[in-house]
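K.L.:
Just dropping this structure here.
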Amino acid sequence: MPDPLHHTAQNHLLAALPAAVLAPLVPHLELVAMPLGQLVHGPGRPLQHAYFPTTAIVSLHYVTQSGASSETAGVGNEGVVGMALFMGGDTTPSSAVVQTAGHAYRLECSVLKAVFEQEPQVREPLLRYTQALMTQVCQTAVCNRHHSIDQQLSRWLLLSADRVPERELVVTQELIAGLLGVRRESITEAAGKLQLAGCIRYRRGHIAVLDRAGLESRACECYGVVRREWSRLLDRASR
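Per my numbering, residue -4 is the first one in the sequence shown, and the count goes up by one each step.
Given below as structure tokens:
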């Protein structure tokens, strides 16, 4: 029986597919829970599934030999984890880890590859999403190099809040520091400034966005660049 709390339309890519195209895929889409910290795939390991998040957020990041890490992009209800499967590769040098617990629809790699090759109405939105994700990766690299930690944190909070319906994130400062590749103390200081300004409320690993306009004014242009590209490419894919 269908789960009344979950539906494929919660993922924007799946929602963009015509009903006649989505229907044959539905029996292969398995709703799975994605707990905080779950390793979705590791570096160099063959990918077995693609994941279409509905309420979960997955962080794509790279871990250096020294153990340091930094996020290159996040994937939420706008996209899919496992891009390498339909781009001609079966592995990636990066890791994918759940940063916000929730759910996703899981699809076996063989099914995704077959439908990508055979169905243009699946191929086009996936390729548009790939371009949007590449923009996010590039913009993250620029942001981490040229913008302040306050700006980086504001960008990250806005992008994360866009992916959850409640606009409240269950996340620790330590986790954010690891994703941004900075010291925890730096995130504590930056979050404190945002809280004093009334932009967010932070308590026991929960961050709520209270003043979105204020948060946007403190973020760098990187947030707007990513959002505009999402809108330009993914909204077009849904038409």
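Backbone N, C-alpha and C define an ideal beta-carbon position, used for all residues, glycine too. Keep in mind that this is a model prediction, so the values were computed, not measured.
Note down, in chain order, each residue of its chain lying with its Cβ closer than 7 Å to the Cβ of residue 116, except the 5 sequence neighbours on either side.
P.N.:
Result list for residue 116: 12, 13 and 16, in chain order.
K.L.:
If we call anything under 8 Å between Cβ atoms a contact, is residue 88 one with residue 8?
P.N.:
Not in contact: residue 88 and residue 8 (Cβ atoms no closer than 8 Å).
K.L.:
For residue 192, which residues in the same chain have their Cβ closer than 7 Å to its Cβ, ignoring the five residues on either side in sequence?
P.N.:
The answer, listed in chain order, is 209.
K.L.:
Tell me whether residue -4 sits in a helix, a strand or coil according to DSSP, three-state version.
P.N.:
Residue confidence is low: residue -4 scores 46 on pLDDT, short of 50, so the model does not pin down where it sits. No coordinate-derived value is stated.
K.L.:
For the beta strand (DSSP E) containing residue 168, name the first residue and the last one.
P.N.:
Residue 168 -> not in any beta strand (DSSP E); alpha helix (DSSP H) instead, spanning 168 to 175.
K.L.:
Label residue 201 either buried or exposed according to how many other C-beta atoms from any shown protein chain fall within 10 Å of its C-beta, with 16 as the threshold for buried.
P.N.:
The residue is exposed, with fewer than 16 neighbouring Cβ atoms inside 10 Å.
K.L.:
Rounding to the nearest angstrom, what Cα-Cα distance links residue 157 and residue 147 in this structure?
P.N.:
Roughly 16 Å between the two C-alpha positions.
K.L.:
Excluding the 5 residues preceding and the 5 following residue 229 in the sequence, name in chain order all residues of the same chain whose CB lies nearer than 7 Å to its CB.
P.N.:
7, 73, 123, 124 and 127, listed in sequence order.
K.L.:
Unbroken beta strand (DSSP E) runs of length 3 or more, entirely within the segment 25 to 71: which are they?
P.N.:
Listed in chain order, the complete beta strand (DSSP E) runs (minimum 3 residues) inside the segment 25 to 71 are 25 to 29, 34 to 36, 44 to 48, 52 to 58 and 64 to 70.
K.L.:
Whether or not the segment 70 to 85 and the segment 35 to 51 are in contact is what I'm after, with contact meaning three or more pairs of Cβ atoms, one per stretch, closer than 8 Å; do they touch?
P.N.:
Touching, yes, given that three or more Cβ pairs across the two stretches are closer than 8 Å.
K.L.:
Once DSSP output is grouped into helix, strand and coil, what is the label at residue 75?
P.N.:
In this structure, residue 75 counts as coil in the three-state DSSP scheme.
K.L.:
Rounded to the nearest angstrom, how far is the Cβ of residue 85 from that of residue 41, given a contact under 8 Å?
P.N.:
The Cβ separation is near 5 Å, so the contact holds.
K.L.:
Of all the options 226, 31 and 131, which has the alpha carbon lying nearest to the alpha carbon of residue 95?
P.N.:
Among 226, 31 and 131, the Cα nearest to that of residue 95 is on 31.
K.L.:
When we look at the beta-carbon of residue 129 and count the other beta-carbons within 10 Å, is it buried (16 or more) or exposed?
P.N.:
Classification for residue 129: exposed.
K.L.:
Identify whether residue 91 lies in helix, strand or coil by the three-state DSSP scheme.
P.N.:
Here residue 91 sits in strand by DSSP.
K.L.:
Return the first residue and the last residue of the alpha helix (DSSP H) that residue 224 is part of.
P.N.:
Here the alpha helix (DSSP H) through residue 224 covers 216 to 225.
K.L.:
From residue 154 to residue 138, what does the alpha carbon distance come to, in whole angstroms?
P.N.:
Distance between the alpha carbons of residue 154 and residue 138 is about 13 Å.
K.L.:
In its own chain, which residues sit with a C-beta less than 7 Å from the C-beta of residue 178, not counting the 5 before and 5 after it?
P.N.:
Within the same chain, residue 178 has close Cβ partners 172.
K.L.:
In whole angstroms, give me the CA-to-CA distance for residue 194 and residue 204.
P.N.:
So the two alpha carbons sit approximately 6 Å from each other.
K.L.:
Using 10 angstroms around the beta-carbon of residue 21, count the other beta-carbons present and answer buried if the total reaches 16, otherwise exposed.
P.N.:
It counts as exposed.
K.L.:
For residue 55, I'd like the list of residues in its chain whose CB is within less than 6 Å of its CB, leaving aside the five on either flank, ordered along the chain.
P.N.:
Within the same chain, residue 55 has close Cβ partners 67, 68, 89 and 91.
K.L.:
Less than 8 Å separating the beta-carbons of residue 98 and residue 215?
P.N.:
No, the pair does not count as a contact, with Cβ atoms beyond the cut-off.
K.L.:
Classify residue 180 as helix, strand or coil using the three-state DSSP reduction.
P.N.:
Helix, per DSSP.
K.L.:
Measuring alpha carbon to alpha carbon, tell me which residue in 51, 144, 223 and 176 is nearest residue 162.
P.N.:
Closest option to residue 162, Cα to Cα, is 51.
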